[in-house]
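Residue numbering for the sequence shown follows my numbering, starting at 3 and increasing by one per position. Glycine included, every Cβ here is placed at the ideal spot set by N, Cα and C.
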Amino acid sequence: MADKKKPLYKEFTKGLIKENPVLRLVLGTCPTLAVTTSVESAIGMGLSASFVLICSNIVISALRKLIPDKVRIPCYIVVIASFTTIVQMLVKAFLPEIDKQLGVYLPLIVVNCIIFGRAEAYAGKNRVIASAVDGVGMGVGFTIALFLMGTIREFFGSGAFYGHKIFPESIPAMTVFILAPGGFFVFGLLMACANKLAEKKGVPKAELKGCSACPMAQSCKIALIDRESCDENKAKEAAAE
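Written out as structure tokens, the structure is:
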């Protein structure tokens with residue numbers, strides 16, 4: 003088990019750079035690109051997702067021996083959806099401005115592939131303490147990546163930081179940075195920096211491998227095979243009739 007092989011501090015630090023969920027594992031790119039137009043929304047999304055990640059890791063790890071393998075994915079969804087609902091209600095009640103900025107991406111935390119990935123690849127196989135530390139490390143890494151993207155995009159795109167104007171009115175802001183092309187540019191720039199840091203430590207570069215890189219790939223493959231088999235059986239029955 004991973005919590006026996008590695009000290010807990012390594013389970014935490016791996017999520018910062020070596021296995022950063024955004025810049026190294028290339029997961030959760032949709033909310034990363036969508037909400038990082040400002041530092042405030044980036045931090046709000048990072049902390050919200052981190053809360054769900056940590057809590058779901060703990061619960062899934064604690065119940066890992068009780069959850070039947072065939073229904074583990076639905077069980078994971080129920081756990082993650084429960085904590086996402088809690089976060090959404092808290093943000094709506096106490097941080098309405100953040101709720102408006104995050105919009106639909108706040109409830110969509112329930113399908114965030116970072117959270118599903120850690121549940122499937124780690125929490126479902128390791129003990130509670132190690133899973134909690136893993137969740138904290140990955141959550142901090144996710145938040146740092148969003149904060150860096152939000153800082154760069156808001157600074158150059160709006161001439162501000164955390165809503166406070168920095169550039170004088172005479173200097174026009176480069177609005178492309180708060181648009182989709184600017185988001186992809188900053189994302190690629192930060193990925194290149196993360197790869198460079200990882201390369202110095204002898205870690206392979208991050209690569210886009212499609213679905214094969216996702217910890218849920220095997221489950222999706224099984225579901226696809228089952229669906230194709232079901233469709234074939236229905237076609238045979240229809241032809242026989």
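### Task
From the DSSP output, in three-state form, read off residue 8 for me.
coil
### Task
Just the C-alpha distance for residue 90 and residue 143, rounded to the nearest angstrom, thanks.
21 Å
### Whole runs of the alpha helix (DSSP H) within the segment 112–176, excluding any shorter than 4 residues
115–120 and 130–160
### Query
With a cut-off of 8 Å, do at least 3 Cβ pairs link the segment 127–138 to the segment 48–64?
Yes, they touch.
### Query
For residue 155, which of 129, 107, 35 and 112 has the nearest alpha-carbon?
When C-alpha distances from residue 155 are compared across 129, 107, 35 and 112, the shortest belongs to 35.
### Task
Count the other CB atoms, across all protein chains shown, that sit within 10 Å of the CB of residue 173; report buried if there are 16 or more and exposed otherwise.
exposed
### Message
Here's a check: name, in chain order, each residue in its chain whose Cβ is nearer than 6 Å to the Cβ of residue 170, leaving out the five neighbours to either side.
### Response
Excluding positions up to five away in sequence, the list is empty.
### Query
Under 7 Å, do residue 39 and residue 180 count as touching if we go by C-beta distance?
yes
### Query
Using the rule of at least 16 other Cβ atoms within 10 Å of the residue's Cβ for burial, across every protein chain shown, is residue 13 buried or exposed?
By the 10 Å Cβ count, residue 13 comes out buried.
### Task
Might you give, ordered along the chain, the residues of its own chain that have their beta carbon closer than 6 Å to the beta carbon of residue 53, omitting 5 neighbours on each side?
89
### Message
With H, G and I counted as helix, E and B as strand and the rest as coil, what does DSSP make of residue 33?
### Response
The DSSP-derived three-state label of residue 33 is helix.
### Where residue 17 sits in the DSSP three-state scheme
Residue state, collapsed to three classes: coil.
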